[in-house]
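Chains as they are written, first to last, in this note's numbering: chain Y, 2 to 647; chain R, 22 to 394. What follows is a set of notes on a single structure, which appears directly below.
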């Protein structure tokens, strides 16, 4: 049976087989080489990539430390801000959307805008759509709305309400400059801060204690590894235990709580006393520790708004408004601005003169309403006749101090030296906000400034705290504290202690002495005698303005301001900005001082009429408050435990 | 002894045990691997049908195995007579695809018969091998052939290649051309004609790029040349497959523990990328063993060809060997990111009835030639 014509001349092929085998072996070897390359040489790279595919680290939010005042009142804490998100691909626009609009009480314009954003996401290509999964549609919604949304949660697929921690300042504007506020990190910060674990969208302290103590307050975020899968996982728990290496969870470390030295009730009293004043600055420090008991700068701002709880638009709008205000609400007037001290500087002039032997207790000067020096006549506040050191302070007689300034042995640099030794014209090192240095002008400073033309008149002006002399309110407060305590200049202190969230003290800060000022106690007593007279004697400049029951001593001041129109001021209101600054600097109680207080009413006019009532009211309130026991530590407002929204 | 004009066996047909065991090893490895590739869906309700793939693959292998036995049992020389008729019938079915086809991911390759879908383009591979073997058998010239002498086999190849290109199915067309080329490489061809062929082929490539290839096919090639260019689009498959193989390392992640596969990062892991699953689970050691098995199978088929008693048998063996060879090279090459992603299956590994049955028929033919040497 032959089914095929036999053609057995297969010899033609023989020579080919060997070649074919060689080609096959060569190509299989190449494939094997490729496997070696992928699996052995590049193995680590691919293993890392495969891990990265499936392992995602969910960040666990930490809790920023709570800031409390000296008596345990919460000044800054965290609260949940409920944000509403929708997943555009899961949202049913026919059934869910109208319900959501009704529950949230959206107006037609707002709802139309959101629908447009949803449509934009839906128009994206598939891959991008998945990436832009959640769309934020409302920030910090009302608790009632949150409750409504939660009850209808099951009927609204694609809608979620997520709590995001927001900084909360229960006292709002009060003392805001010292406590500070939060802001979002920008790209410039991130280049520096990324190593410390900051991520885009994080918030950090912008100013004040929030900024200075950021590293303590911040805490450390935690992490939980989860498996990321392209398919649905029914037994996720089991798989995560099998595939994820330990540690699978790192708990977040909450930030440290901080107790300040300030007393919010004292600040409330200051706020009350300042009613009716447009712009002012008040500092109260403890005389024997340098602790800042109150620091109020007016006008202020609401840190709740600028910290971003209400969304980015609200923050922008707030800053726009705050920065055009000629009263400068963002400026911390207790630290970041320097003013001519006016007559409140006179005690230091007198001290310099006493140390130099230019005057003594009994030296008398004739005041005819001014002092003739060179071709100029330097005015006094009145005609005081014969004045000695005590009455010169009590009446705030300029002539007496002009005569000191004009004395041949009294040089400008002596004044500056005494001023500097009391900490004026130099940074105090408080650290919360940028400090204005202030200035104690010297001869060489004037020479540089006026191109060599130094005139004796400069010394006369410096003697009464005018001219180029400027100080910050805090500097003056610390200087008066030094007068009150016998010559110890303290480092100002804002933070009393650092605690864990359950109240265990981690670190306490004892008072720090900056310098012991070398002054004759006898001279100091003469000055203090004068300062008591200012308040207690009938002719004293502070006597009339002091409210009943306030036991204090101090010095008034009325500082002339240079007549320059600040930018952006309505011409009709220029008169206000040309008015003198009203000062009062002193301490209380007069006999054995415990606190030093400085009140500056910007453009307030006369110090005796405008600053003294404020100071004396605060002193009176402080006397009452002193009796009260320290209160227990208030708990911070708690955040629910949460994962961070990616 | 072989007597001229008559057929007889020295001692009756003998089963080629090497071929049989090698095939059985590959089939078992393929099934084990398919279980790993599809079992991940067992827990998911929407995709649980995918887990059943494993079972239907077993059916296909049984059906294919029976067919292979049948094909091996009938003396291969009977097929020579049927070759042309079967070939023409195959082309008609292939053309029918354009009328009856169901769309799978933008290309129509399937014909639905009852509840079965089958891909005629797969079976054409076998028919093409047979018809080319017949041509070679009937053209016993010993002098070197010129270009024009190869006109007939070239036409025989280009017609089905053109039809599948139009489906469009670049991978299968490529397999046709390479398998036919391998069979023709058995013949002596004049040096000048070879140069011409190379030149023409080189000129045809840009033309094919411009007129024949679809955008998605172009995208696969550009993304192969520049994989970082498009991570989410065409490059995604190749990249994830490469990562899976690399993740296996030297010893592998362990059976059913490869994370790329377990968590769904491998697309088409049961049809186009089974080797990625295998490489991830078993590592370089497993991959090398599998490569060695395929390599042995291909070289063994060359050996069978060298021992064949006639030109038809030799060409059949070379054709089947070449078909398996090019499938393996392209599939593993693309899984390992060494070649562009063209949908070519891994014989006996990839899920799919048409592919499994075609491979099984091929093995049956090999066995047939081997038994009747």
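Positions of the beta carbon are idealized from the N, C-alpha and C atoms, including for glycine.
Considering only residues of the same chain and omitting the five flanking positions on each side of residue i, which have a CB-CB separation below 7 Å?
i, result
"residue 277 of chain Y", "none"
"residue 634 of chain Y", "69, 73 and 504"
Can you tell me whether DSSP reads residue i as helix, strand or coil?
i, result
"residue 532 of chain Y", "helix"
"residue 197 of chain Y", "helix"
"residue 156 of chain Y", "helix"
"residue 524 of chain Y", "helix"
"residue 77 of chain Y", "strand"
"residue 556 of chain Y", "strand"
"residue 145 of chain Y", "helix"
"residue 95 of chain R", "coil"
"residue 274 of chain R", "coil"
"residue 341 of chain Y", "coil"
"residue 210 of chain R", "strand"
"residue 261 of chain Y", "strand"
"residue 305 of chain R", "helix"
"residue 659 of chain Y", "An answer regarding residue 659 of chain Y cannot be provided, because it is not within the stretch 2 to 647 covered by chain Y."
Consider the C-beta atom of residue i and the heavy atoms of the ligand ADP; say whether any pair is separated by less than 7 Å.
i, result
"residue 368 of chain R", "As far as ligands go, the structure on display features none, and thus does not contain the ligand ADP."
Is the Cβ-Cβ distance between residue i and residue j less than 8 Å?
i, j, result
"residue 283 of chain Y", "residue 596 of chain Y", "no"
"residue 265 of chain R", "residue 229 of chain R", "no"
"residue 366 of chain R", "residue 389 of chain R", "no"
"residue 154 of chain Y", "residue 100 of chain Y", "no"
"residue 513 of chain Y", "residue 422 of chain Y", "no"
"residue 178 of chain Y", "residue 268 of chain R", "no"
"residue 267 of chain Y", "residue 293 of chain Y", "no"
"residue 230 of chain Y", "residue 115 of chain Y", "no"
"residue 336 of chain Y", "residue 445 of chain Y", "no"
"residue 353 of chain Y", "residue 415 of chain Y", "yes"
"residue 200 of chain R", "residue 355 of chain R", "no"
"residue 192 of chain R", "residue 363 of chain R", "yes"
"residue 364 of chain Y", "residue 532 of chain Y", "no"
"residue 301 of chain R", "residue 285 of chain R", "no"
With DSSP as the reference, identify every bridge partner of residue i, one or two as the case may be.
i, result
"residue 221 of chain Y", "Y/254"
"residue 204 of chain Y", "Y/185"
"residue 60 of chain Y", "Y/224"
"residue 1 of chain Y", "This structure does not reach residue 1 of chain Y, given that chain Y is present from 2 up to 647, and the question cannot be answered."
"residue 378 of chain Y", "Y/373"
"residue 508 of chain Y", "Y/499"
"residue 494 of chain Y", "Y/292"
"residue 86 of chain Y", "Y/137 and Y/161"
"residue 362 of chain Y", "According to DSSP, which records beta bridges pairwise, residue 362 of chain Y is partnered with nothing at all."
What does the alpha-carbon distance come out to for the pair residue i and residue j?
i, j, result
"residue 180 of chain R", "residue 157 of chain Y", "58 Å"
"residue 490 of chain Y", "residue 482 of chain Y", "7 Å"
"residue 636 of chain Y", "residue 75 of chain Y", "7 Å"
"residue 501 of chain Y", "residue 122 of chain Y", "44 Å"
"residue 290 of chain Y", "residue 498 of chain Y", "14 Å"
"residue 450 of chain Y", "residue 181 of chain Y", "36 Å"
"residue 448 of chain Y", "residue 460 of chain Y", "13 Å"
"residue 203 of chain Y", "residue 175 of chain Y", "25 Å"
"residue 217 of chain R", "residue 211 of chain R", "10 Å"
"residue 338 of chain Y", "residue 172 of chain Y", "24 Å"
"residue 52 of chain Y", "residue 273 of chain R", "14 Å"
"residue 522 of chain Y", "residue 487 of chain Y", "7 Å"
"residue 182 of chain R", "residue 188 of chain R", "10 Å"
"residue 379 of chain R", "residue 234 of chain Y", "36 Å"
Given residue i, which residues of its chain have a CB within under 8 Å of its CB, disregarding the five upstream and five downstream residues?
i, result
"residue 224 of chain Y", "58, 59, 60, 61, 250 and 251"
"residue 79 of chain R", "52"
"residue 166 of chain Y", "62, 64, 65, 79, 80, 81, 82, 640 and 643"
"residue 43 of chain R", "314, 317, 318 and 321"
"residue 164 of chain R", "209"
Output needed for residue i: all residues of its chain with C-beta closer than 6 Å, excluding positions within five of it in sequence on either side, in chain order.
i, result
"residue 594 of chain Y", "288, 485 and 588"
"residue 213 of chain Y", "432 and 433"
"residue 622 of chain Y", "270"
"residue 277 of chain R", "57"
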